[in-house]
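K.L.:
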Amino acid sequence: MAAPVDAPATPAHGKRTPSEGLLSGAYRTPTLGIVLTVTLLAFEAMAVATVMPVTARDLNGMSLYAWGFSGTLIASLLATVLAGGWIDRSGPARPLLLGLATFVAGLAIAGAAPTMAIFVAGRAVQGLGTGVAMVASYVLIARVYPESLRPRVFAALAAAWVLPSLIGPAVGGVVAEHIGWRWVFLGLIPLVIPAAAMLIPAFRNLKPVEHAPAGRTGATRYIAAVAVAAGAGLLLYGLDNPGLMLVPAAIVGLAGLAYGLPKLFPAGTLRMRRGLPSVVVARGLLAGAFFGTDVFIPLALTSLHGFSATQAGIVLTVAALGWSAASQIQGRSKRPQRLFVLLGAVFTTVGVVAVTVTLQLSGWWAAPAWTIGGFGMGFAISSLSVLMLDQSAEEEQGVNSSALQISDTLGSSVVVGLAGALVTGFGTEHLEQGLIVAGVLFTAIAALAVVAAFRLEAGKA
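Residue numbering for the sequence shown follows this note's numbering, starting at 15 and increasing by one per position.
(1) Which whole-angstrom value is the C-beta distance of PRO208 and ASN414, which I expect to be below 8 Å?
(2) Tell me which residues share the same chain as LEU46 and place their Cβ nearer than 7 Å to its Cβ, disregarding the 5 neighbours each side in the sequence.
(3) Quick check on DSSP: helix, strand or coil for LEU462?
(4) How do the stretch 426-434 and the stretch 373-391 stand: do at least 3 beta-carbon pairs fall below 8 Å, yes or no?
(5) Is LEU449 buried or exposed, if buried means 16 or more other CB atoms sit within 10 Å of its CB?
(6) Is the distance from the Cβ of ILE181 to the Cβ of LEU121 below 8 Å?
(7) Is ASP72 close to chain C, meaning its C-beta is less than 8 Å from at least one C-beta of that chain?
(8) DSSP state of THR316, grouped into three classes?
(9) First and last residue of the alpha helix (DSSP H) that includes LYS277?
(10) Alpha carbons only, please: which of ALA326, MET391, THR372 is nearest the one belonging to GLY358?
(11) Mind pulling the alpha helix (DSSP H) runs of 4 or more residues that sit fully within the stretch 375-406?
(12) Grab the span of the alpha helix (DSSP H) containing PHE83 for me, first residue to last.
(13) Tell me which same chain residues have a C-beta within less than 7 Å of the C-beta of ARG137, skipping the five on either side of it?
(14) Are the Cβ atoms of ALA243 and LEU92 separated by less than 8 Å?
(15) Determine contact between the stretch 324-335 and the stretch 433-444, defined as no fewer than three beta-carbon pairs at a distance below 8 Å.
(16) Might you give, ordered along the chain, the residues of its own chain that have their beta carbon closer than 6 Å to the beta carbon of LEU477, omitting 5 neighbours on each side?
(17) Excluding the 5 residues flanking GLU191 on each side, which residues of the same chain have their C-beta closer than 7 Å to its C-beta?
(18) Taking 8 Å as the cut-off, decide whether the C-beta atoms of THR283 and VAL266 are in contact.
(19) Relative to the C-alpha of LEU1, which residue among ARG164, PRO291, THR385 is closest?
(20) Expressed to the nearest angstrom, what Euclidean distance is found between the alpha-carbon atoms of GLY252 and ILE420?
(21) Within the continuous alpha helix (DSSP H) that includes ARG164, where are the two ends?
(22) Closest to VAL364 by C-alpha separation, out of VAL206, PHE389, SER376, VAL68, would be which residue?
(23) Use the C-beta contact count for ILE193: other C-beta atoms within 10 angstroms, 16 or more gives buried, fewer gives exposed.
(24) Within a Cβ cutoff of 6 Å, which residues of the same chain sit near ARG196, ignoring the five residues on either side of it in sequence?
(25) Excluding five sequence neighbours on each side, which residues of the same chain lie with their C-beta closer than 8 Å to the C-beta of ALA433?
(26) Give the single residue among LEU96, MET148, ALA61 whose Cα lies nearest to the Cα of ILE48.
(27) Around the Cβ of GLY98, are there at least 16 other Cβ atoms within 10 angstroms (buried) or fewer (exposed)?
(28) For SER322, does the count of other Cβ atoms within 10 angstroms reach 16, so buried, or fall short, so exposed?
(29) Assuming the contact rule is C-beta atoms closer than 8 Å, GLN342 and LEU401 should be a hit. Round their C-beta distance to whole Å, please.
(30) Have a look at ASP422 and GLY302 and give me their C-alpha separation to the nearest angstrom.
(31) For SER406, I'd like the list of residues in its chain whose CB is within less than 6 Å of its CB, leaving aside the five on either flank, ordered along the chain.
(32) Of the residues LEU278, GLY247, TYR273, which one's Cα is nearest the Cα of ALA264?
(33) Using a Cβ-Cβ cut-off of 6 Å (strictly less than) and excluding sequence neighbours within five positions of ALA463, which residues of its own chain qualify?
(34) Taking the alpha helix (DSSP H) that ILE282 falls in, what are its first and last residues?
(35) Quick one: is GLY245 buried, meaning 16 or more other Cβ sit within 10 Å of its Cβ, or exposed?
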């Protein structure tokens, strides 16, 4: 592993000295740059949901409303896949800067869009930039920080999502109402520049790995990337449009995923093999269970119990705060990361069950219930990122970071799409029953994550 640039020497046993910290010495600037970068990406992701209705009405493009989200997702997935091998060959510097530049270009296109079609195109360009930047950030963390500091770095990244989660939707609404929705995108552009500038010193003396793994790079990987992105898009289209197109779209979409995923994931991932494959599986299962549940909480609270949108948002906010608090705990603990993943998977499962039950009750019971789920994700997600890097050879950090991001994205999007189709099938008059069925699905997925959490240690039969 490359030594941190201009950083104090890390002792041979891998423990940091008392003076080392994320904001000490040469770690200060890359830490601030990475956290600011993730904060900006998170803010855009949170704010866009608030301004999308205004944007679609202003551009007379309600028919393309869903593609304002789906186009970004598919483009991000494609970029995530393609970025892994490129980063392993060239190092994280150029991909990260190009990813941020692409994200800025997407902001400019979306903010200046005269039509909804061009706005969707701008959102897709943002997705390309985000996908590349996130994978490159993971590899940069691996190349700059010693193993002993990585849990704290990922805890800081989790915290970087909290402020956007708290204020992103509200700020987006205020800007759209008083200045104009375009400035939600254009206003972020000058903020990305200092974030990128802070990262440049960390790129000095970072050398690319000479021998990238041949099995998961090259033309085969590119074909698999297109198959997975197209397959995910078709599957989500089918789930969003139940009817005659559901079955053929789902079949073709699943075929694309079945062809591409084995070529993009570590060998044995779909069989939940011990070690890195189970790390990747656990990430997708937890993302699916948590974000699937998260999406339907506001629907249940506003439709069944008369909550306002703001009140329903408070329930999601306290879960985000729980996520951040648990991330800080695992980041500062010396206990094994595998323990935190197992603990997190159990907490997430309990949280899903608790919120499924409490959503059938009046009152604020869902808030403490979902805080348990937030704690679970805070314990598990950052720990899985650390385990992925720990179990990756240096020449495979890019493709394995890419695999983790793919699992995360697919897990959340496909489960949300499937649950949405289930709930829609029950109709508004039977919403309670639909939410219970969805809750059972989320519980089963979270329980599978608990199984995967027992298989994170490599080298055992």
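Glycine residues also receive a C-beta, built at the ideal position from the N, C-alpha and C atoms.
P.N.:
A quick look at the data gives this:
(1) Stepping through the sequence shown from its first residue, residue 208 is reached at position 194. Stepping through the sequence shown from its first residue, residue 414 is reached at position 400. In fact, because the Cβ distance is near 30 Å, the residues do not count as touching under 8 Å.
(2) Counting from one through the sequence shown, the residue named residue 46 turns up at place 32. Excluding positions up to five away in sequence, the list reads MET212.
(3) As a first step, residue 462 is located in the sequence shown; it is residue number 448 there, counting from the start. Three-state DSSP puts LEU462 in a helix.
(4) no
(5) Indexing the sequence shown from 1 puts residue 449 at position 435. Looking at its Cβ environment, which holds 16 or more other Cβ atoms inside 10 Å, LEU449 is buried.
(6) Reading the sequence shown from its first residue, position 167 is the one you call residue 181. Reading the sequence shown from its first residue, position 107 is the one you call residue 121. No, the pair does not count as a contact, with Cβ atoms beyond the cut-off.
(7) Looking at the structure shown, chain C is missing, and only one protein chain is on hand.
(8) What you label residue 316 is simply residue 302 of the sequence shown in a count that begins at 1. Residue state, collapsed to three classes: helix.
(9) Taking the sequence shown and counting its residues from 1, the one referred to as residue 277 is at position 263. Counting along the chain, the alpha helix (DSSP H) containing LYS277 begins and ends at 260-278.
(10) Stepping through the sequence shown from its first residue, residue 358 is reached at position 344. Of the candidates ALA326, MET391, THR372, the one whose C-alpha sits nearest the C-alpha of GLY358 is MET391.
(11) 380-404
(12) Here residue 83 refers to the residue found at position 69 of the sequence shown. Counting along the chain, the alpha helix (DSSP H) containing PHE83 begins and ends at 81-104.
(13) Working through the sequence shown from its first residue, we reach residue 137 at position 123. Only GLY82, GLY85, THR86, GLY120, ALA124 meet the Cβ criterion.
(14) Counting from 1 along the sequence shown, the entry for residue 243 is found at position 229. Counting from 1 along the sequence shown, the entry for residue 92 is found at position 78. Yes; because the gap between Cβ atoms is below 8 Å, this pair is in contact.
(15) no
(16) The shown model of the chain, from 15 to 475, leaves out residue 477, and the question about it has no answer.
(17) Stepping through the sequence shown from its first residue, residue 191 is reached at position 177. No residues qualify anywhere along the chain.
(18) Residue mapping note: residue 283 aligns to position 269 of the sequence shown, counting from 1. Residue mapping note: residue 266 aligns to position 252 of the sequence shown, counting from 1. No, Cβ-Cβ distance for THR283 and VAL266 is not below 8 Å.
(19) Because residue 1 is not part of the residues shown, which for the chain are 15 to 475, the question remains open.
(20) Here residue 252 refers to the residue found at position 238 when the sequence shown is read from its first residue. Here residue 420 refers to the residue found at position 406 when the sequence shown is read from its first residue. Approximately 20 Å between the Cα atoms of the pair.
(21) Position 150 of the sequence shown, counting from 1, holds the residue named residue 164. Start and end: 164-174.
(22) As a position in the sequence shown, residue 364 is number 350, starting the count at 1. With distances taken between Cα atoms, VAL364 lies closest to PHE389.
(23) By 1-based counting over the sequence shown, the position of residue 193 is 179. The residue in question, ILE193, is exposed, as its Cβ has fewer than 16 Cβ neighbours within 10 Å.
(24) By one-based count along the sequence shown, residue 196 stands at place 182. Closer than 6 Å at the Cβ level, and outside the excluded window around ARG196, lie GLY125.
(25) As a first step, residue 433 must be located in the sequence shown, where it is residue number 419. For ALA433, where only same-chain residues beyond five positions count, the Cβ hits under 8 Å are GLY306, VAL309, PHE310, ALA452, LEU455, PHE456.
(26) The count along the sequence shown starts at 1 and reaches residue 48 at position 34. Comparing Cα-Cα distances from ILE48 to each of LEU96, MET148, ALA61, the minimum goes to MET148.
(27) Counting from 1 along the sequence shown, the entry for residue 98 is found at position 84. With 16 or more Cβ atoms within 10 Å of its Cβ, GLY98 is classed as buried.
(28) One-based indexing of the sequence shown puts residue 322 at position 308. With fewer than 16 other Cβ atoms within 10 Å, it is exposed.
(29) Here residue 342 corresponds to residue number 328 of the sequence shown, with the count starting at 1. Here residue 401 corresponds to residue number 387 of the sequence shown, with the count starting at 1. That belief does not hold up - the Cβ atoms of GLN342 and LEU401 are roughly 18 Å apart, past 8 Å.
(30) Counting from one through the sequence shown, the residue named residue 422 turns up at place 408. Counting from one through the sequence shown, the residue named residue 302 turns up at place 288. Roughly 8 Å between the two C-alpha positions.
(31) As a first step, residue 406 is located in the sequence shown; it is residue number 392 there, counting from the start. Closer than 6 Å at the Cβ level, and outside the excluded window around SER406, lie ASN414.
(32) In the sequence shown, counting from the first residue as 1, residue 264 sits at position 250. Comparing Cα-Cα distances from ALA264 to each of LEU278, GLY247, TYR273, the minimum goes to GLY247.
(33) Counted from its first residue, the sequence shown places residue 463 at position 449. The residues are ALA296, LEU299, LEU300, ALA359.
(34) By 1-based counting over the sequence shown, the position of residue 282 is 268. Here residue 282 turns out to be Gly, not Ile, going by the sequence shown. Neither: GLY282 is in no alpha helix (DSSP H) and is coded neither H nor E.
(35) In the sequence shown, residue 245 corresponds to position 231, counting from 1. Under this definition GLY245 is a buried residue.
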